[in-house]
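Participant:
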Amino acid sequence: MSTKDIANKLVEYCRTGQWERAQTELYAPNCVSIEPAGGPWPVKAEGMEAITAKAKQFDEMVEEMYGIEVSDPLVFGNHFSCGMTMDVTYRGAPRNKSEEICVYEVADGKIVKEQFFYPLPPAE
C-alpha cells in the first residue's frame, strides 16, 4: 500500500473507532509511538506490545466517548498527518474536547512511527 492508501485507511478506522484493527493491519511490528513529555503516557513506546498496552491504558481511562472527528489526511512523501478531536469524559475528570495533531511515518507499506502533539494541562 502507498502512504496515501495507508493514510486514508487509518483515518477511516479512526473515524469508526477501529483502533485495534488499524494497529493490526497498518502498523509495523517494530513501530514507535511518541507522546508529549508530561502527559499520562510514556514519552516513547517501542514495538506493538508496548503500543497495544498504551491503547489498553487509554481504554481504561475513558469513562465515556461521545464522539470523534478526524480530519482528512495530509500526505507528503512517506509521512502524513491528521487532526483529531475527541469529545470524551475520562474517569474522575469532567467531559472535554481534546484536540491533537497526529503525524505518521510509513516505510515498506506499514506505519513505523506515530507522534502526537496536544496541549497538556498546566503543571500544579
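Convert by adding 2 to the 1-based position in the sequence shown; the result is the number in my numbering.
Think of the CB as a built atom: it goes at the ideal place given N, C-alpha and C, for glycine as much as any other residue.
Note that the structure is predicted; figures quoted are calculated from it, not measured.
#1: Of the residues V72, W21, L12, which one's Cα is nearest the Cα of F60?
#2: Which residue comes first and which comes last in the beta strand (DSSP E) that contains T87?
#3: For the beta strand (DSSP E) containing Y68, name the first residue and the last one.
#4: Between the alpha carbons of F118 and D74, how many angstroms are there, rounded?
#5: Quick check: K112 and V34, are their CB atoms within less than 7 Å of each other?
#6: Closest to D2 by C-alpha separation, out of I103, D110, C104, E66, would be which residue?
#7: Work out the CA separation of I70 and K56 for me, nearest whole Å.
#8: Out of T26, G40, E101, which one is the CA nearest neighbour of E51?
#9: List the whole-angstrom C-beta distance separating R93 from M63, where the pair is believed to meet the contact cut-off of C-beta under 8 Å.
#10: Check this for me: beta carbons of N32 and G19, under 7 Å apart or not?
#11: Please name the residue in P38, A9, R23, T5 whose C-alpha comes closest to that of E102.
#12: Label Y68 either buried or exposed according to how many other C-beta atoms from any shown protein chain fall within 10 Å of its C-beta, with 16 as the threshold for buried.
#13: Just the C-alpha distance for T54 and P42, rounded to the nearest angstrom, thanks.
Facilitator: So, from the data block:
#1: W21
#2: 81-92
#3: 64-72
#4: 16 Å
#5: no
#6: Nothing about residue 2 can be read from this structure; the chain reaches only from 3 to 126.
#7: 19 Å
#8: T26
#9: 6 Å
#10: no
#11: P38
#12: exposed
#13: 15 Å
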